[in-house]
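Residue numbers (my numbering), protein chains in the order written: chain A, 1232 to 1378; chain B, 16 to 581.
Ideal Cβ positions, reconstructed from N, Cα and C, are used throughout, including at glycine.
Small disclaimer: the values here were computed from a predicted structure and weren't measured.
Have a look at the structure below before the remarks.
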Amino acid sequence: MHNIEPVEIIIVEDNLSDAELILHTLKKEKIANKLLIAEDGAEALDLLFGKGAYPNKINLSALKVIFLDLKLPKINGLEVLKELKENPLTKHIPVVILTSSNQDPDIKKAYELGVNSYVVKPVVFSDFKNVVQKMGFYWLLVNEKMK
Amino acid sequence: MKEKLKLIIPDNLKESASTISSLLLQHGYETEFILEKEYQLLNDKILKESELTRRALLSIIEDERLANMEKKLLSYSIENSQNEIYIFDAETLKFRYVNRGARENLGYSMEQLTELTPLDLKPEFTHTLFLKLIRPLKNKTLKIHHFKTVHKRADGSLYPVEVNLQYYEFEEYREFLAVIQDITERIKAEEEIQTQHAYLDSLIATAPEAIVILDNSDKVIRINNEFTKIFGYKQTDAVGCQINDLIVPERLKNEGLKATLDVTSGKSISFESIRKNKNGKEFWVSVLGSPIFFNKNQIAVYAIYRDISEKKLAELEIKSLNESLERKVEERTAQLIAANKELEAFAYSVSHDLRAPLRAINGYTNILLEDYNNILDDEGKHLTSVIIQSSKKMGQLIDDLLRFSRFGRAEISLQNVNMKELVSSVFYELTNEDYSKNIKFHVSKIHDVKCDLMLIKQVWINLISNAIKFTSHKTQPEITINSTKSKNEIIYTIRDNGAGFDMQYKNKLFGVFQRLHSNRDFEGNGVGLAIVNRIIKMHNGNIWAESELNNGATFYFSLPFHVDKK
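Take a look at the structure:
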């Protein structure tokens, strides 16, 4: 199903409730139809480079944004970010860190690795909804991706 | 042919007439003497006699006068001699002459003494003993007898004397001459010297430190009791031995030689080293050495030793204690660093892991309330909104807790801070809301201080926002900020006329999550003052407060001039 339409958003999030809340919000805004969820860092990389359980490579040029959590099983968010930004095939894809952590070293490291945005997920849902809406709106509709 | 002279001669020179006439005969004159009283008519003729004759005559007269004078002088000297001079008869032993000095000292007159013998003055002698004493003088086997005894005065008191006794025979006289000295003073002086000696002697002997006296070639002259105790040598073992051979361990020979060389060349030395006793046992001593001078000449040297083994042991113990203390501090520091790392990891985990489920609770409940609003009755709607509020509140608590722990780990960076400017800008930032527009805010000319700008700004934010919060129910809120300078610190005060607090809970003011007011009256979570307290403590300052319920509160905090980094 997903493979028919080109994927525009990948959400890398191991916390399924967070993933669901993101999805819920994006759906309400009608911008969730071309979206994939990866539950850990390894799955995210497989998905992006067509490896392992995902032999069919997705169309990277159609990808508008990757929402990336930091605390992930197997391969953590910063490692995923590093690999993406070092690979010429993926380094142009906007990556937004969407995390619970507001620890200084994480933020610094993320920017050093070339992250495009760093957002802390608010606890209160009204704030959370606000952030996700704005992020989705900005990266999917406002931002011009590389052609 | 001889010329005949007629001479007048004074009566008292009658005896000299023959001498004069023989003298004149040598010059060619025969003399006829006329006694003075017969002298009448011949006056003119005598005056005409030759000059030579006159001179000879005068010289004879002068000699005679001098001889007389000498006799007088001799007896004067003897009489007034400071020595006591006694002359007594060899047979009867009775005094023939005793000079004035002796008479005065004894308290006898000459008349009394002519009836006394030396035995009456010398209580230490019996008659036999005295005869035995003078016999060798009398038979001339001995020229002079020199001895000491005592004299007894007329009043019975005694005094020590030194006697020089000799015997002479002159014409028909057989007499003893005793020249005697009262040696009371000399004995007193000698006793004084002996007393001094005794003091020094017992001082050296019983001194609590080992003392050795060496001659100029480092040979032992004397040691004291403590030396024997410490080193095991007796006086008889040690005397005449080289000090270095006795107590310096073989491997320290050079040090010992240098020390003795220094002292014998006139230097004073002081050092700590190892010495050995008679059995070869070694121990730590302190050594003090100095030369001894007499009349500017170095006559000997002395050395003082003290056994400092215990002190050295204590020093070593302290050293090892210090080392183990340092090791412990290092260990503890490492543990502390590890604990801090753990705490950081914990904080990270809390910030990440606790937020996610809270977000889920809050998010899903929100969705429930929005998307299923028409299915929920009023009670259901109320319950879901309580869940939403509670999870929101918990999120804030977690954020505050993290903020608090972050302040604890912050590094202080000191700079000069314009306090009045800081306070005013904080108040301005905090009073954008309408209700606080009518606050009477006074800041006097408060002192500046060196502190961490960002941290102290946080202090003012928390204190001023508290003051604003707790005066919000007042019709005329007032906040006053002051400072006073003392010797080492500046004390800042912030006073408000708000709700205040009960002083019996003042100990709970600065604890984390401690609240003295209900949320219904004043919102808050009990972290603000805990953060303030922590920041002030990081500056080595103090914070305290005074208040009366419903009658305002005053918070004080002090910042020292020089803050040691913790």
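Identify the continuous beta strand (DSSP E) that holds residue i and give its terminal residues.
i, result
"A315(B)", "312-322"
"G304(B)", "297-309"
"L108(B)", "It is not in any beta strand (DSSP E) - L108(B) carries neither H nor E in the DSSP assignment."
"L1267(A)", "1266-1269"
"L229(B)", "225-229"
"F576(B)", "Element bounds for F576(B): n/a, residue is neither H nor E."
"S285(B)", "284-291"
"V1243(A)", "1240-1243"
Taking the alpha helix (DSSP H) that residue i belongs to, which residues open and close that run?
i, result
"W475(B)", "468-485"
"R641(B)", "No information on residue 641(B) is available, as it lies outside the stretch 16 to 581 that chain B covers here."
"K268(B)", "268-279"
"I1253(A)", "1247-1259"
"G1272(A)", "1272-1280"
"D252(B)", "250-253"
"F246(B)", "240-246"
"V365(B)", "Where V365(B) is concerned, there is no enclosing alpha helix (DSSP H), given that its DSSP letter is neither H nor E."
"I35(B)", "32-41"
"D104(B)", "Run containing D104(B): none in the alpha helix (DSSP H); it sits in the beta strand (DSSP E), 99-104."
"I1262(A)", "No alpha helix (DSSP H) holds I1262(A); DSSP gives it neither H nor E."
"L557(B)", "Residue identity check: residue 557(B) is Asn in the sequence provided, not Leu. Segment 557-562 is the beta strand (DSSP E) holding N557(B); no alpha helix (DSSP H) there."
"N565(B)", "Per DSSP, N565(B) belongs to no alpha helix (DSSP H) and is neither H nor E."
Applying the criterion that 16 or more other CB atoms from any shown protein chain within 10 Å of the CB defines a buried residue, is residue i buried or exposed?
i, result
"N512(B)", "buried"
"N566(B)", "exposed"
"L56(B)", "Here L56(B) scores only 46 on pLDDT, less than 50, and its place in the model is too uncertain to base an answer on."
"E241(B)", "buried"
"S33(B)", "exposed"
"G255(B)", "exposed"
"R290(B)", "buried"
"K343(B)", "exposed"
"K580(B)", "For K580(B), the pLDDT reaches just 46, beneath the cut-off of 50, and the residue's location in the model is therefore unreliable, although a value from the coordinates is still provided. Under this definition K580(B) is an exposed residue."
"F576(B)", "exposed"
"G515(B)", "buried"
"E538(B)", "exposed"
"L1287(A)", "Per the sequence shown, the amino acid found at residue 1287(A) is Asn instead of Leu. Per the 10 Å Cβ criterion, exposed."
"Y248(B)", "buried"
"L1257(A)", "buried"
"F361(B)", "exposed"
"A1269(A)", "buried"
"S324(B)", "exposed"
"G271(B)", "buried"
Are the CB atoms of residue i and residue j nearer to each other than 7 Å?
i, j, result
"I505(B)", "I496(B)", "no"
"Y101(B)", "A220(B)", "no"
"L445(B)", "S498(B)", "no"
"V1243(A)", "L1309(A)", "no"
"G1367(A)", "I1289(A)", "no"
"I333(B)", "F419(B)", "no"
"N377(B)", "F1356(A)", "yes"
"E563(B)", "T569(B)", "no"
"P175(B)", "I198(B)", "yes"
"K1295(A)", "K1376(A)", "yes"
"K1302(A)", "H554(B)", "no"
"R177(B)", "K163(B)", "It is Glu, not Arg, that sits at residue 177(B) in the sequence shown. For E177(B) and K163(B), yes; Cβs fall inside 7 Å."
"V1363(A)", "I1253(A)", "yes"
"Q250(B)", "I238(B)", "yes"
"L131(B)", "F110(B)", "yes"
"K327(B)", "W299(B)", "yes"
"G1297(A)", "I1241(A)", "Checking the sequence shown, residue 1297(A) turns out to be Ile, not Gly. Result yes, Cβ atoms of I1297(A) and I1241(A) sit closer than 7 Å."
"Y507(B)", "F572(B)", "yes"
- Which runs of the beta strand (DSSP E) fall wholly inside the stretch 1284-1325 of chain A and span at least 3 residues, in chain order? List check, beta strand (DSSP E) in window: 1296-1299.
- Would you call the stretch 1331-1345 of chain A and the stretch 1270-1281 of chain A touching, i.e. three or more CB-CB distances under 8 Å? Verdict: no, contact absent.
- Sequence ranges, alpha helix (DSSP H) only - wholly within the stretch 186-223 of chain B, length at least 4: Listed in chain order, they are 199-221.
- Task: Pair every Cβ in the stretch 151-159 of chain B with every Cβ in the stretch 107-123 of chain B, then say whether three or more of these pairs are closer than 8 Å.
- Result: Cβ pair count under 8 Å is below three, so no.
- Message: Check whether the stretch 179-190 of chain B and the stretch 278-286 of chain B touch, using three or more Cβ-Cβ pairs below 8 Å as the test.
- Response: Too few Cβ pairs lie closer than 8 Å, so no.
- Task: Report yes or no: do three or more beta-carbon pairs, one from the stretch 412-428 of chain B and one from the stretch 470-487 of chain B, lie closer than 8 Å?
- Result: Yes: the two stretches touch, three or more of their Cβ pairs being nearer than 8 Å.
- Of all the alpha helix (DSSP H) runs that stay within the bounds of the stretch 118-192 of chain B, which reach a length of 4 or more residues? You should have 125-128, 133-136, 142-153.
- Query: Counting pairs of beta carbons, one from the stretch 214-231 of chain B and one from the stretch 309-317 of chain B, are three or more of them closer than 8 Å?
  - Reply: Look at the beta carbons and you see the stretch 214-231 of chain B touching the stretch 309-317 of chain B: at least three pairs across the two are nearer than 8 Å.
- Item | Contact the stretch 1339-1350 of chain A vs the stretch 1310-1326 of chain A: 3+ CB pairs below 8 Å | Yes, the stretch 1339-1350 of chain A is in contact with the stretch 1310-1326 of chain A.
- Message: I'd like to know if the stretch 273-282 of chain B and the stretch 301-311 of chain B are in contact, where contact means that at least 3 CB-CB pairs between them fall below 8 Å.
- Response: Yes: at least three Cβ pairs fall under 8 Å.
- Query: Which ranges would you report for the alpha helix (DSSP H) in the stretch 378-461 of chain B if only whole runs of at least 4 residues count?
  - Reply: Within the stretch 378-461 of chain B, the runs of alpha helix (DSSP H) at least 4 residues long that lie entirely inside it are, in chain order, 393-424, 434-445.
- Please determine if the stretch 394-405 of chain B and the stretch 351-368 of chain B are in contact, where contact requires at least 3 C-beta pairs separated by less than 8 Å. The stretch 394-405 of chain B is not in contact with the stretch 351-368 of chain B.
- Message: Which runs of the beta strand (DSSP E) at least 3 residues long sit entirely within the stretch 500-542 of chain B? Give them in chain order.
- Response: List check, beta strand (DSSP E) in window: 504-511.
- Item | Every unbroken alpha helix (DSSP H) inside the stretch 1323-1367 of chain A [4 residues or more] | Within the stretch 1323-1367 of chain A, the runs of alpha helix (DSSP H) at least 4 residues long that lie entirely inside it are, in chain order, 1335-1343, 1356-1367.
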